[in-house]
Each structure stands twice: as structure tokens, then as C-alpha cells.
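Peer 1: So that we are looking at the same thing, I have put the structure below in C-alpha cells.
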Amino acid sequence: MSVDVIVDIYRRVLEIDDLGPWSDFFAAGGDSLLATRILSALARTYGVELSYEDFLLAPTPAALAERVTAAGVLR
Amino acid sequence: MKVVVVGAGLAGLVAATDLAEAGADVAVLEARSRVGGRTFGIEVAPGAWVDAGAAYLGERHTALVTLLDELGCKTVPTTVEGHSRFALGDGVQTRAGRFPPLSAVALGTLFDLLDEVTSQVRPDAPWLSPNAAALDELTVAEWLDERLTHPDARLFLPLFLGEMMAADPTAVSVLHMAFYLRSGGGLRYLNAFAGGAQDSRVAGGAHEVCVRLAEGLTGRVHLGEPVHAIVQDETGATVHGRAGPVRADAVVVAVPPLLADTIDYRPGLPGARAGSRTVPGCAVKVHLIYPRPVWREQELSGWSMSADGPLLSTVDDSPPDAAIGVLTGFVTGREAHRFAALPGAQRRAAVLAQAHRLFPGLPEPIRVEVTDWINDPYSRGCYAALMGPGDWRRLGPQLTTPHGRVHWAGTETSTAFFGLMEGAIRSGHRAAAEIVGRPR
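These protein sequence lines are chains Z and X, in that order. Residue numbering for the first sequence follows the numbering used here, starting at 10 and increasing by one per position. Residue numbering for the second sequence follows the numbering used here, starting at 48 and increasing by one per position.
As C-alpha cells, this is what we get:
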């Protein structure tokens with residue numbers, strides 16, 4: 010589980026390179042359609058299914074990494 | 048030089064305006080008793096118009112933005128704050144924003160697939176895409192059948208394609224879907240209201256653009272003039288309308304492909320304008336008019352999505368001053384065919400029953416307008432013609448190739464912003480330039 014992997018997913022989906030662990034998805038121009046593509050990438054990579062509401066509460070790679078870890082542990 | 052333009056929609060009127068400005072003697076022959084084609088305004092209250100056809104635009108629609116500016120037309124933003132209503136399973140749910148109560152991962156997987164196939168298409172010539180043959184073989188439904196297993200994604204796909212392009216996934220080819228999404232600026236731009244393709248509406252209605260273009264062509268636009276034949280000889284072309292033959296040096300046919308094929312061309316066309324599986328865009332637009340936007344009082348935006356029809360989605364199209372409330376309903380895809388086949392009273396009852404489920408406490412509407420584009424003899428569908436498997440590879444190479452003195456316009460002849468007002472305008476400019484640039 011690495012934040013860098015999620016930062017890379019952000020870069021690919023948002024088509025922006027200048028992003029880091031604390032980049033806010035919506036401030037970087039993301040919308041709900043692109044958010045689903047972050048979540049599908051996380052599901053493919055980590056086998057974890059987060060909801061859109063989860064994402065709204067954790068729209069940075071760092072916060073998402075925590076959610077992914079928690080979901081993986083609880084699973 | 049004398050030019051006859053067939054069709055007084057956006058494409059035909061733009062072409063005629065350009066040609067007139069270049070000094071041509073122009074006559075526009077329009078079958079209907081009005082101009083505008085697939086832009087059509089209904090005055091639902093004194094001075095308040097709704098768009099019964101094309102409605103929305105975004106800032107990438109540069110030819111339309113320029114034209115609005117030239118004609119002195121203003122735009123109004125579409126953004127409406129509030130909660131959405133969703134009827135996608137058991138009952139109706141209220142949620143913040145526009146995100147449906149479906150698996151985000153399942154929808155993300157669908158959008159990943161659509162984005163991938165969209166990026167493979169050559170936007171300027173979809174039929175020349177590297178894998179055009181494979182993408183043109185299957186319908187979207189066939190293509191996604193094995194790729195899309197989650198029930199939420201399967202439920203969402205027809206709603207999404209209905210909203211984006213008034214298409215039934217079982218009729219449209221993968222190549223056409225991918226091209227349409229690419230042509231319109233990509234999934235994200237086409238889907239978005241603020242900052243996207245639905246950013247604004249034309250104040251007073253999109254038809255106003257055509258009305259003003261026609262005013263600039265006074266005496267040269269002839270209504271009630273369906274064209275049934277275009278005959279070419281060594282010295283010119285003769286366009287046969289209701290009032291008799293009109294002689295021309297060049298002709299612009301600015302009607303949708305399924306209609307262009309109803310004209311008798313002599314000599315005949317090397318190939319039909321529509322393919323064997325091309326179908327009308329399946330859209331019926333419904334307007335419910337209320338004394339005010341009553342849903343806003345319950346902090347609802349008017350946006351809704353339903354798995355079952357007739358209204359697959361609704362949006363608040365009230366005028367900026369909210370002097371009346373306008374709830375616009377979209378009936379698209381397969382549902383549009385079913386709905387369009389109902390008698391008028393049953394249509395009205397079905398629409399009102401659903402509106403009351405979605406927005407409890409709605410009063411009786413002051414007025415209900417149902418605009419059926421599928422069965423409209425002079426449009427044959429809306430938003431645009433839908434290409435089925437095999438169609439693009441056969442039609443693509445001749446999309447804009449003149450047939451002697453006959454030139455082609457209409458949103459379906461524009462690979463940029465195909466199906467939108469923007470595509471229609473660009474096609475009109477292109478057709479006029481072909482003629483003006485042509486040696487006499």
C-alpha cells in the first residue's frame with residue numbers, strides 16, 4: 010500500500026503531473042465522473058471497493074490511502 | 048451565382064448567410080412552416096420560451112459562441128443548486144449533488160471502458176481509426192455484454208447513452224458511440240453542466256439564432272417548400288420544390304442524412320447518405336410548466352434520474368427570473384419509441400404520474416408540452432442520426448464529398464461536435480466555403 014501509487018492514479022485520471030499526496034481532487038479540477046475512475050482504479054489495484062461518499066470525505070491521495078488500508082484490514 | 052439551400056435549420060441558414068455575404072443570389076427552401084430545424088422554441092408563457100429541441104452549449108462551441116455574439120444573443124447559465132432525486136431501484140431517493148446511488152466502482156469501470164475506446168478513435172475520420180473494422184462490427188450492447196457485468200453499470204449505460212446522444216445501445220455501433228463522445232470533447236466535457244457542454248442555454252431559446260439568421264435573409268427563405276428532386280445537367284442544377292423548379296449553379300443540402308435520402312437525385316448519388324442501419328436519434332422532450340420552480344422550495348435542483356420511463360432524466364430549465372417553473376424531461380433510447388407510440392392522453396398521464404413520484408407536492412402543471420422528434424417527418428430524429436454497425440466505414444469517405452454541384456451540410460456532416468448545434472454551424476460554414484471557393 011503506497012500513497013505514490015494513488016498519486017500516480019490521480020495523475021493518470023486527471024491528466025495533471027504536478028500532484029502530491031495532499032492534492033485535493035476537486036481543487037485539481039476533478040468531478041464526479043473522474044472520481045469514479047479513481048475508485049475503479051483503486052478497486053483493481055487493491056481489491057477494495059470505496060463508495061463515492063468515502064471519496065468525498067477523503068479526496069486526497071493520502072486520505073484515500075488511509076481509507077484503502079482500513080477497508081483492507083476490515084475486509 | 049445562384050445557390051439553393053435545402054433546409055432552414057442552423058446549418059442551412061449559416062451556409063445561406065455566408066453565401067449571401069459573398070455575393071451569391073441565395074434561395075433557402077424549407078419544408079416546414081418555420082425555420083430552425085432541430086432548434087425549436089415553444090412560448091410557454093408570455094415572453095418565456097423553452098427549447099423543445101437543441102438547447103445547451105459550452106465555451107468550446109466556438110462557432111456558436113461567435114455567432115451568438117454577432118447576432119446579439121445572450122446566454123444563461125444552467126447551474127441549479129440543490130439535491131437530486133433518483134428512482135433507480137426501490138423507491139425514490141434524495142441525494143446531494145448529481146451522483147446516483149449506484150456503485151461508484153462499477154460506474155468507474157464503465158467510464159474506463161468508454162474512455163479507452165473513445166481515445167482509440169480518430170476524431171477527424173472515425174472510419175480510418177486503426178481498429179475501425181473491429182469497433183464498427185458490434186453494437187454497444189453487444190460489445191459491453193461480456194465486459195460489463197455489474198448490474199449497476201448495466202442499469203446506468205442506457206441512461207447515460209440516452210442522455211449523451213439519445214441512443215439505444217442495441218442500435219448504435221461502438222465506433223459511432225466512441226466517435227460521438229470524442230467529437231463532442233470527450234466523456235467528461237459532454238457530461239458536465241458548468242464548464243462542460245451543458246454550461247449555458249441561449250436566452251430566449253436556441254431557435255432565436257435561426258430566427259435572427261432568417262431575418263438577415265429577408266425574402267430569400269421560402270417556407271412550406273419540401274424538395275423532392277435535384278436534377279443536374281451540364282449547365283446547372285434544378286431543384287424541384289412544391290412551388291416548382293428552381294434553377295441554381297450550386298445546391299446545399301442541409302438536412303439530416305435520413306431525409307437527404309428521400310430526395311431523388313439525377314444523376315443518382317454514388318452511395319446513400321444514411322447507412323442500412325442508421326436510425327433516427329431517439330429523443331422525445333417533455334416540458335412541464337408550473338407557476339414557479341416549486342421543487343426549489345424543497346431544496347431540490349429539479350435534476351432526477353429514473354431507471355424506468357418515460358422521464359429518464361429531468362432538469363430545471365426555468366428562466367433566470369424564475370417567473371415560471373420549467374421542468375424539462377428527457378425520454379430517450381428505447382423508451383422514447385415506446386412513449387412516442389402512446390396516445391396523447393396516456394403520454395400526459397404517464398408523465399404527470401412520474402413527475403409527482405419524483406417531486407412530491409408538485410401542483411398541476413399550467414401546461415404540458417411533448418415534442419416527439421423520432422416521428423417528426425422533417426427531422427427524423429434528434430439529437431442526430433445514429434450510425435449502426437458498418438455505417439461509418441461505408442458513409443465516412445463521402446461524408447462531405449460534393450455530388451457534382453450538390454454540397455452537403457448538417458451536423459451529421461461535421462466530424463467536430465457531431466450532433467450538436469456547433470457541428471451544424473461548422474458544417475454550414477464549410478459548405479459555403481466549398482461553393483465560394485469554387486471557380487464559376
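C-beta: ideal position from N, C-alpha, C; glycine also. The structure displayed is predicted, hence computed values, not measured ones.
Which residue or residues does DSSP assign as beta-bridge partners of X:Glu193?
Peer 2: X:Glu193 pairs with nothing; no bridge assigned.
Peer 1: Between X:Val541 and X:Val82, is the Cβ-Cβ spacing less than 8 Å?
Peer 2: Residue numbering for chain X in the displayed model covers 48 to 487; residue 541 of chain X lies beyond these limits and cannot be assessed.
Peer 1: Just checking my contact of X:His254 with X:Phe87 at CB under 8 Å: how many whole Å lie between their CB atoms?
Peer 2: Confirmed, Cβ separation roughly 6 Å.
Peer 1: So, helix, strand or coil for X:Gly88, using DSSP?
Peer 2: Residue state, collapsed to three classes: strand.
Peer 1: Beta carbon of X:Thr325, beta carbon of X:Ala225: below 8 Å?
Peer 2: Not a contact, by the Cβ cut-off of 8 Å.
Peer 1: Give me the chain A residues within the contact set of X:Leu204, using Cβ-Cβ distance strictly less than 8 Å, ordered along the chain.
Peer 2: In summary, chain A is missing from the structure at hand, where the protein chains are Z and X.
Peer 1: Spell out a yes or no on whether the region 137-156 of chain X and the region 193-205 of chain X are touching, meaning 3 or more CB-CB pairs, one atom from each, closer than 8 Å.
Peer 2: Touching, yes, given that three or more Cβ pairs across the two stretches are closer than 8 Å.
Peer 1: If distances are taken between C-alpha atoms only, which option among X:Pro273, X:Arg343 and X:Ala71 comes closest to X:Arg79?
Peer 2: Taking only the C-alpha atoms, the option nearest X:Arg79 is X:Pro273.
Peer 1: How long is the line joining the alpha carbons of Z:Ile25 and X:Val168, rounded to whole angstroms?
Peer 2: Z:Ile25 and X:Val168: Cα-Cα distance of roughly 22 Å.
Peer 1: Compute the Euclidean distance between the alpha carbons of X:Val53 and X:Ile371, then round it to the nearest angstrom.
Peer 2: X:Val53 and X:Ile371: Cα-Cα distance of roughly 37 Å.
Peer 1: Please report whether the beta-carbon of X:Ala239 lies at a distance below 8 Å from any beta-carbon of chain Z.
Peer 2: Taking Cβ atoms only, chain Z reaches closer than 8 Å to X:Ala239, which makes this a yes.
Peer 1: So within the region 224-248 of chain X, which uninterrupted alpha helix (DSSP H) runs reach at least 4 residues, ignoring any that extend past its ends?
Peer 2: Complete alpha helix (DSSP H) runs here, min 4: 234-238.
Peer 1: How many angstroms separate the CA atom of X:Leu66 from the CA atom of X:Asp116?
Peer 2: Distance between the alpha carbons of X:Leu66 and X:Asp116 is about 20 Å.
Peer 1: Please list, in chain order, all residues of the same chain as X:Ala383 whose beta carbon is under 7 Å from its beta carbon, the five residues on each side excluded.
Peer 2: Excluding sequence neighbours, X:Ala383 sits near Cys329, Ala330, Val331 and Ile421.
Peer 1: Would you kindly report the start and end of the unbroken alpha helix (DSSP H) that includes X:Glu481?
Peer 2: Counting along the chain, the alpha helix (DSSP H) containing X:Glu481 begins and ends at Met468 to Val483.
Peer 1: By DSSP, does X:Leu60 sit in helix, in strand, or in coil?
Peer 2: In this structure, X:Leu60 counts as helix in the three-state DSSP scheme.
Peer 1: Roughly how many whole angstroms lie between the Cα atoms of X:Leu157 and X:Ser176?
Peer 2: Rounded to whole angstroms, X:Leu157 to X:Ser176 spans 22 Å at the Cα level.
Peer 1: Rounded C-beta distance between Z:Ala44 and Z:Tyr61? I'm assuming under 8 Å.
Peer 2: So it is a contact: roughly 7 Å between Cβ atoms.
Peer 1: Name the residues in the region 20-49 of chain Z whose C-beta lies less than 8 Å from a C-beta of chain X; which are they?
Peer 2: Going along the region 20-49 of chain Z in chain order, one finds Asp40, Ser41, Leu42, Leu43, Ala44, Thr45, Arg46, Ile47, Leu48 and Ser49 with a Cβ nearer than 8 Å to chain X.
Peer 1: Look at X:Leu359 and X:Val378 and say whether their C-beta atoms are less than 8 Å apart.
Peer 2: Contact flag set, yes.
Peer 1: Can you give me the C-alpha to C-alpha distance between X:Tyr337 and Z:Asp63, rounded to a whole angstrom?
Peer 2: Approximately 37 Å between the Cα atoms of the pair.
Peer 1: My output table needs one value for X:Thr113: the three-state DSSP class, helix, strand or coil.
Peer 2: In this structure, X:Thr113 counts as helix in the three-state DSSP scheme.
Peer 1: What residue does the beta strand (DSSP E) around X:Ala295 start on, and which one ends it?
Peer 2: Note, X:Ala295: beta strand (DSSP E), Gly291 to Ala295.
Peer 1: Give me the residue from X:Ala110, X:Thr64 and X:Ala180 with the minimum Cα distance to X:Val221.
Peer 2: Ranking the options by Cα distance to X:Val221, first place goes to X:Ala180.
Peer 1: May I have the straight-line CA-CA distance separating X:Ala261 from X:Leu114, to the nearest angstrom?
Peer 2: X:Ala261 and X:Leu114: Cα-Cα distance of roughly 13 Å.
Peer 1: Where does X:Pro490 sit, in a helix, a strand or coil, going by DSSP?
Peer 2: Not covered by the structure: residue 490 of chain X. The range shown for chain X is 48 to 487.
Peer 1: Run down chain X in chain order and give the residues with a C-beta less than 9 Å from the C-beta of Z:Ala74.
Peer 2: The contacting residues do not exist; Z:Ala74 stays about 17 Å from chain X at best.
Peer 1: Let me confirm a value: X:Asp162 is counted as buried when at least 16 other C-beta atoms fall within 10 Å, else exposed. Which label applies?
Peer 2: Per the 10 Å Cβ criterion, buried.
Peer 1: Along the chain, where does the beta strand (DSSP E) containing X:Pro124 start, and where does it finish?
Peer 2: Here the beta strand (DSSP E) through X:Pro124 covers Thr122 to Pro124.
Peer 1: Determine which residues of the region 218-236 of chain X have a Cβ less than 7 Å from any Cβ of chain Z, and write them out in chain order.
Peer 2: If the cut-off is 7 Å between Cβ atoms, the region 218-236 of chain X has Leu234 and Arg235 near chain Z.
Peer 1: Quick one, which of X:Leu228, X:Ala239 and X:Val112 has its alpha-carbon nearest X:Ala463's?
Peer 2: The residue with the shortest Cα to Cα distance from X:Ala463 is X:Leu228.
Peer 1: Does DSSP classify X:Arg487 as helix, strand or coil?
Peer 2: In this prediction, X:Arg487 has a pLDDT of 43, which is less than 50 and means its spatial position is unreliable; what the coordinates show is noted afterwards. Looking at X:Arg487 - three-state DSSP - the assignment turns out to be coil, as it is neither helix nor strand.
Peer 1: List the residues of chain Z that X:Arg145 touches, going by C-beta distances under 9 Å, in chain order.
Peer 2: Within 9 Å Cβ-Cβ: Ser41.
Peer 1: Name the one or two DSSP bridge partners that X:Leu335 has.
Peer 2: Looking at the DSSP assignment, X:Leu335 forms a beta bridge with X:Leu374 and X:Val415.
Peer 1: Looking at the strands, I want to know which residues DSSP matches up with X:Trp96.
Peer 2: According to DSSP, which records beta bridges pairwise, X:Trp96 is partnered with X:Glu90.
Peer 1: Alpha carbon to alpha carbon, how far is X:Phe203 from Z:Arg23? Give it in angstroms, no decimals.
Peer 2: Checking the sequence shown, residue 23 of chain Z turns out to be Leu, not Arg. Roughly 23 Å separates the two Cα atoms.
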